[in-house]
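A short worksheet on the structure shown next.
Protein chains: 4
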Amino acid sequence: MTGVPAALREEVDRLKLEVAELHALLPANGLVVWTAGNVSARVPGADLLVIKPSGVTYDRLTPEAMVVTDFAGTLVEGDGAPSSDTFAHGYVYAHMPAVGGVVHTHSDFATAWAARREPIPCVLTMIADEFGGDIPVGPFALIGDDAIGRGIVETLSGSRSPAVLMAHHGPFTVGRDARAAVKAAVMVEDVARTVHYARQYGEPERIPQDQIDSLYARYQNVYGQK
Amino acid sequence: MTGVPAALREEVDRLKLEVAELHALLPANGLVVWTAGNVSARVPGADLLVIKPSGVTYDRLTPEAMVVTDFAGTLVEGDGAPSSDTFAHGYVYAHMPAVGGVVHTHSDFATAWAARREPIPCVLTMIADEFGGDIPVGPFALIGDDAIGRGIVETLSGSRSPAVLMAHHGPFTVGRDARAAVKAAVMVEDVARTVHYARQYGEPERIPQDQIDSLYARYQNVYGQK
Amino acid sequence: MTGVPAALREEVDRLKLEVAELHALLPANGLVVWTAGNVSARVPGADLLVIKPSGVTYDRLTPEAMVVTDFAGTLVEGDGAPSSDTFAHGYVYAHMPAVGGVVHTHSDFATAWAARREPIPCVLTMIADEFGGDIPVGPFALIGDDAIGRGIVETLSGSRSPAVLMAHHGPFTVGRDARAAVKAAVMVEDVARTVHYARQYGEPERIPQDQIDSLYARYQNVYGQK
Amino acid sequence: MTGVPAALREEVDRLKLEVAELHALLPANGLVVWTAGNVSARVPGADLLVIKPSGVTYDRLTPEAMVVTDFAGTLVEGDGAPSSDTFAHGYVYAHMPAVGGVVHTHSDFATAWAARREPIPCVLTMIADEFGGDIPVGPFALIGDDAIGRGIVETLSGSRSPAVLMAHHGPFTVGRDARAAVKAAVMVEDVARTVHYARQYGEPERIPQDQIDSLYARYQNVYGQK
Numbered sequence: 023m024t025g026v027p028a029a030l031r032e033e034v035d036r037l038k039l040e041v042a043e044l045h046a047l048l049p050a051n052g053l054v055v056w057t058a059g060n061v062s063a064r065v066p067g068a069d070l071l072v073i074k075p076s077g078v079t080y081d082r083l084t085p086e087a088m089v090v091t092d093f094a095g096t097l098v099e100g101d102g103a104p105s106s107d108t109f110a111h112g113y114v115y116a117h118m119p120a121v122g123g124v125v126h127t128h129s130d131f132a133t134a135w136a137a138r139r140e141p142i143p144c145v146l147t148m149i150a151d152e153f154g155g156d157i158p159v160g161p162f163a164l165i166g167d168d169a170i171g172r173g174i175v176e177t178l179s180g181s182r183s184p185a186v187l188m189a190h191h192g193p194f195t196v197g198r199d200a201r202a203a204v205k206a207a208v209m210v211e212d213v214a215r216t217v218h219y220a221r222q223y224g225e226p227e228r229i230p231q232d233q234i235d236s237l238y239a240r241y242q243n244v245y246g247q248k
Numbered sequence: 023m024t025g026v027p028a029a030l031r032e033e034v035d036r037l038k039l040e041v042a043e044l045h046a047l048l049p050a051n052g053l054v055v056w057t058a059g060n061v062s063a064r065v066p067g068a069d070l071l072v073i074k075p076s077g078v079t080y081d082r083l084t085p086e087a088m089v090v091t092d093f094a095g096t097l098v099e100g101d102g103a104p105s106s107d108t109f110a111h112g113y114v115y116a117h118m119p120a121v122g123g124v125v126h127t128h129s130d131f132a133t134a135w136a137a138r139r140e141p142i143p144c145v146l147t148m149i150a151d152e153f154g155g156d157i158p159v160g161p162f163a164l165i166g167d168d169a170i171g172r173g174i175v176e177t178l179s180g181s182r183s184p185a186v187l188m189a190h191h192g193p194f195t196v197g198r199d200a201r202a203a204v205k206a207a208v209m210v211e212d213v214a215r216t217v218h219y220a221r222q223y224g225e226p227e228r229i230p231q232d233q234i235d236s237l238y239a240r241y242q243n244v245y246g247q248k
Numbered sequence: 023m024t025g026v027p028a029a030l031r032e033e034v035d036r037l038k039l040e041v042a043e044l045h046a047l048l049p050a051n052g053l054v055v056w057t058a059g060n061v062s063a064r065v066p067g068a069d070l071l072v073i074k075p076s077g078v079t080y081d082r083l084t085p086e087a088m089v090v091t092d093f094a095g096t097l098v099e100g101d102g103a104p105s106s107d108t109f110a111h112g113y114v115y116a117h118m119p120a121v122g123g124v125v126h127t128h129s130d131f132a133t134a135w136a137a138r139r140e141p142i143p144c145v146l147t148m149i150a151d152e153f154g155g156d157i158p159v160g161p162f163a164l165i166g167d168d169a170i171g172r173g174i175v176e177t178l179s180g181s182r183s184p185a186v187l188m189a190h191h192g193p194f195t196v197g198r199d200a201r202a203a204v205k206a207a208v209m210v211e212d213v214a215r216t217v218h219y220a221r222q223y224g225e226p227e228r229i230p231q232d233q234i235d236s237l238y239a240r241y242q243n244v245y246g247q248k
Numbered sequence: 023m024t025g026v027p028a029a030l031r032e033e034v035d036r037l038k039l040e041v042a043e044l045h046a047l048l049p050a051n052g053l054v055v056w057t058a059g060n061v062s063a064r065v066p067g068a069d070l071l072v073i074k075p076s077g078v079t080y081d082r083l084t085p086e087a088m089v090v091t092d093f094a095g096t097l098v099e100g101d102g103a104p105s106s107d108t109f110a111h112g113y114v115y116a117h118m119p120a121v122g123g124v125v126h127t128h129s130d131f132a133t134a135w136a137a138r139r140e141p142i143p144c145v146l147t148m149i150a151d152e153f154g155g156d157i158p159v160g161p162f163a164l165i166g167d168d169a170i171g172r173g174i175v176e177t178l179s180g181s182r183s184p185a186v187l188m189a190h191h192g193p194f195t196v197g198r199d200a201r202a203a204v205k206a207a208v209m210v211e212d213v214a215r216t217v218h219y220a221r222q223y224g225e226p227e228r229i230p231q232d233q234i235d236s237l238y239a240r241y242q243n244v245y246g247q248k
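Here's what the structure looks like:
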């Protein structure tokens with residue numbers, strides 16, 4: 023291992039703490055079981071990322087347990103093998119410079135849409151707010167080469183949505199930082215569930231495009247604290 | 023900011039405590055994710071309300087974090103931008119003098135009915151008790167002007183129900199105080215879920231109107247402690 | 023109030039503790055929201071029962087808050103109005119001498135079957151074990167006279183089941199003591215949910231009657247600690 | 023009782039602790055209600071197993087409460103009657119030498135598929151990873167003789183899956199140790215739920231067999247820490 027550059031030490035330690043704390047939000051929000059799911063953060067100013075080790079249960083994901091890798095998934099710091107999804111995270115960072123955080127889960131309802139390869143239609147103001155339109159489906163891709171990463175990047179590049187439903191697999195979400203990506207992971211499951219229930223007794227109408235645009239612009243620019 | 027009148031100081035502080043505690047009931051009852059949802063209370067004797075700040079997560083909603091605004095949503099006291107739904111809450115207080123509390127959530131099952139623009143039929147004694155009949159649907163309205171507030175007021179004015187399902191958006195509930203509005207938010211989700219499941223294998227019969235009237239009168243007048 | 027006879031003092035205090043603790047199992051098992059639901063215990067050797075007060079939230083249901091009434095629901099000891107379902111509980115104790123505990127909830131899936139007036143068919147070994155056959159539906163009855171109590175007693179008298187689904191209302195369960203009635207309330211919701219899901223893609227076959235009889239006999243006589 | 027051989031004392035005590043802790047994961051993961059469900063571990067080097075006592079609630083399942091039996095279910099050490107499913111566990115250990123742990127639950131969605139006698143099709147990468155193909159259904163078998171054990175062994179012998187859905191009853195899972203069997207119990211419920219939801223709006227395609235093989239090989243050999 024080449025190790026973390028000294029100039030990034032403090033930032034990497036801060037990110038390990040943040041990524042560890044954000045992992046706890048996945049089971050707390052009912053998005054994962056056992057060791058499934060992962061959160062990563064880009065290390066600003068370096069081709070490095072912080073992620074959890076592979077196959078470790080959520081109660082053991084302390085800041086010290088987090089690992090650092092390069093964008094090819096090669097271990098740079100840490101005691102365990104990195105998450106087996108690390109290469110997909112790295113591909114996203116390498117190809118989407120504005121992305122600072124990536125999350126992957128198998129959350130039930132989002133994965134149900136993904137299993138059918140069906141996008142989630144924009145029938146709720148909450149979808150317009152956060153996703154800016156329909157939530158798209160990505161290709162079916164096997165783990166092991168760059169197919170998953172490419173599928174994520176190509177799908178998200180043509181969309182405002184920070185979430186993509188990878189076919190037969192589950193959602194990946196991105197954000198300007200890891201916390202924003204976790205937020206998108208929480209919200210994609212919530213709207214996947216609500217629309218699943220809604221359409222059981224009649225297909226809800228899509229919100230007109232100009233009103234989606236208006237809702238999205240307000241939420242991205244006005245909502246929250248400045 | 024003009025500030026809170028000195029004569030209302032004690033009452034406003036009491037309401038900040040109450041509204042902060044009531045916010046904790048929204049995630050505890052599974053009605054909200056992330057920063058969605060809000061509870062407000064009218065300040066008796068003034069055109070003021072207490073509500074949460076915009077885009078703040080539930081674990082940070084202490085009494086001190088609550089903000090005070092007038093009915094147009096202008097900040098009167100507090101450190102953060104008020105909830106982006108504040109103007110809708112204010113409109114309700116301005117036009118429904120008996121209302122002392124307002125709650126808004128995107129709870130899954132109530133929002134599913136709202137996405138289809140379908141009222142919840144009064145097929146359970148629990149609906150007759152609390153809502154006095156079918157739970158009505160309000161119009162689709164964009165955030166930003168008084169359209170949401172007007173939709174709530176116009177829909178609730180023609181109904182005994184303390185809950186309205188705003189189309190493609192989610193439920194708003196009202197009560198004589200903020201606690202009663204939270205109760206209605208909890209119950210509308212519970213009955214939305216139960217009736218969703220009930221009708222999957224055959225449409226349940228509506229309870230006859232005279233029996234709805236009888237159940238509603240008893241629950242409003244006899245139930246609970248005097 | 024006539025008060026609790028001195029000879030029953032110790033037993034009544036023990037039952038208040040037990041009934042208070044059992045109430046906590048209703049929200050812990052997801053069977054109730056807000057103030058809905060209630061548990062009672064018969065006071066052995068007297069026409070008395072212990073139950074919760076009306077409209078009080080679960081976090082306040084201490085042993086001291088429990089009330090004692092006769093079988094007509096008249097308050098004998100305690101500070102609050104008894105649960106508005108007390109008369110139904112009392113009717114059951116008056117007419118079913120082997121029953122020592124009664125529970126009522128509006129748990130979602132059991133109430134969904136009740137809304138359709140549809141019995142839960144015995145398609146699972148768990149239903150055969152605990153309920154000894156289909157779980158029956160009782161009549162639609164308004165609160166206020168003995169109609170609910172009579173509906174429970176008449177339905178359960180023709181069945182091995184400790185649970186009855188009261189139409190448009192929710193489940194009532196009975197047991198040799200209050201704990202057994204709570205167990206039946208937990209299990210009726212669990213099987214109501216499982217069979218709801220099971221039949222979505224094809225109606226499961228009913229277990230043959232002789233095998234139901236065999237499972238029921240074993241579970242009632244062999245299961246658990248002697 | 024013949025008792026535990028002195029040479030196995032330490033190992034049996036370690037397994038009692040492990041089996042007690044693993045039982046706590048069943049309610050924590052929403053797989054069981056009341057006293058349903060059980061976990062066992064094989065005692066290496068002996069025809070013995072460690073399991074919970076029958077009909078005891080989860081909050082009382084301390085290491086000391088665990089019991090030791092032989093593969094015929096005869097009590098060897100402990101104060102209570104063993105789980106009524108002990109004979110089925112013992113049959114599995116006697117006939118599947120590689121199995122070190124067995125779990126049984128009535129988890130809702132897995133049991134729903136079992137009630138219809140329908141295997142869970144391999145339409146998710148998570149199913150390919152953990153189960154290596156469709157999750158099979160076992161026969162309907164009454165408790166009391168070796169029919170359940172035989173049904174489990176015969177079904178699992180023809181499959182890579184560590185889970186079998188016993189008809190009208192619920193899932194049994196196996197693993198190299200008790201923890202692996204609990205993991206399979208958690209995952210079979212998760213995928214049973216996701217595929218249940220997925221197919222509601224169109225049957226998802228099965229993953230091609232060669233890709234299932236590839237996913238399964240990777241997950242079994244590469245995933246996790248070495």
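The listed protein sequences correspond, in order, to chains A, B, C and D.
At position 52 of the first sequence (counting the first as 1) the number is 74 in this note's numbering, and the numbers step up by one without a gap.
At position 85 of the second sequence (counting the first as 1) the number is 107 in this note's numbering, and the numbers step up by one without a gap.
At position 127 of the third sequence (counting the first as 1) the number is 149 in this note's numbering, and the numbers step up by one without a gap.
At position 43 of the fourth sequence (counting the first as 1) the number is 65 in this note's numbering, and the numbers step up by one without a gap.
Yeah, the Cβ is synthetic: ideal placement off N, Cα and C, and Gly gets one too.
Since this is a predicted model, take the numbers as computed values, not measurements.
Where DSSP assigns a beta bridge to residue i, which residues make up the other side?
| i | result |
| --- | --- |
| residue 91/B | 71/B, 97/B |
| residue 142/B | 157/B |
Comparing the C-beta of residue i with each C-beta of chain A, is any distance below 8 Å?
| i | result |
| --- | --- |
| residue 31/D | no |
| residue 76/D | no |
| residue 236/D | yes |
With a threshold of 8 Å between beta carbons, is residue i in contact with chain B?
| i | result |
| --- | --- |
| residue 133/C | yes |
| residue 165/C | yes |
| residue 80/A | no |
| residue 244/A | yes |
Spell out whether any CB of chain D is found under 8 Å from the CB atom of residue i.
| i | result |
| --- | --- |
| residue 118/C | no |
| residue 128/A | yes |
| residue 146/C | yes |
| residue 137/A | yes |
| residue 247/C | yes |
| residue 231/C | no |
Helix, strand or coil for residue i, going by three-state DSSP, please let me know.
| i | result |
| --- | --- |
| residue 112/A | helix |
| residue 131/D | helix |
| residue 173/C | helix |
| residue 229/B | coil |
| residue 267/C | Because chain C in this structure spans residues 23 to 248, residue 267/C falls outside the shown range and cannot be described. |
Does the beta carbon of residue i sit closer than 8 Å to a beta carbon anywhere in chain C?
| i | result |
| --- | --- |
| residue 140/D | yes |
Open item on the list: For the pair the segment 163-179 of chain D and the segment 102-122 of chain D, tell me if three or more CB-CB distances fall below 8 Å.
Closed with: yes
- [ ] Could you name the residues of the segment 183-205 of chain A whose beta carbon sits closer than 8 Å to any beta carbon of chain G, in the order they occur along the chain?
- [x] In summary, chain G is missing from the structure at hand, where the protein chains are A, B, C and D.
Task: Segment contact flag, the segment 223-231 of chain A with the segment 134-150 of chain B, C-beta cutoff 8 Å, min 3 pairs - done: With the rule of 3 Cβ pairs closer than 8 Å, the segment 223-231 of chain A counts as touching the segment 134-150 of chain B.
Task: Residues in the segment 37-57 of chain A having any Cβ partner in chain D nearer than 7 Å - done: 55, 56
Open item on the list: Under 9 Å, CB to CB, which of the residues in the segment 209-229 of chain D have a partner in chain A?
Closed with: 209, 211, 212, 213, 215, 216, 217, 218, 219, 220, 221, 222, 223, 224, 225, 226, 227, 229
Task: Members of the segment 92-115 of chain D that neighbour chain C once the beta carbon cut-off is set at 7 Å - done: 102, 103, 106
Task: Cβ pair count under 8 Å reaching 3, the segment 37-49 of chain B against the segment 74-84 of chain B - done: yes
Open item on the list: Check whether the segment 151-166 of chain A and the segment 195-203 of chain A are in contact - that is, three or more C-beta pairs closer than 8 Å.
Closed with: no
- [ ] Evaluate contact between the segment 60-68 of chain D and the segment 206-219 of chain C, counting only Cβ atoms and requiring at least three cross-stretch pairs below 8 Å.
- [x] no
TODO: Could you say if the segment 143-156 of chain A and the segment 230-239 of chain A meet the contact criterion of at least three C-beta pairs nearer than 8 Å?
DONE: yes
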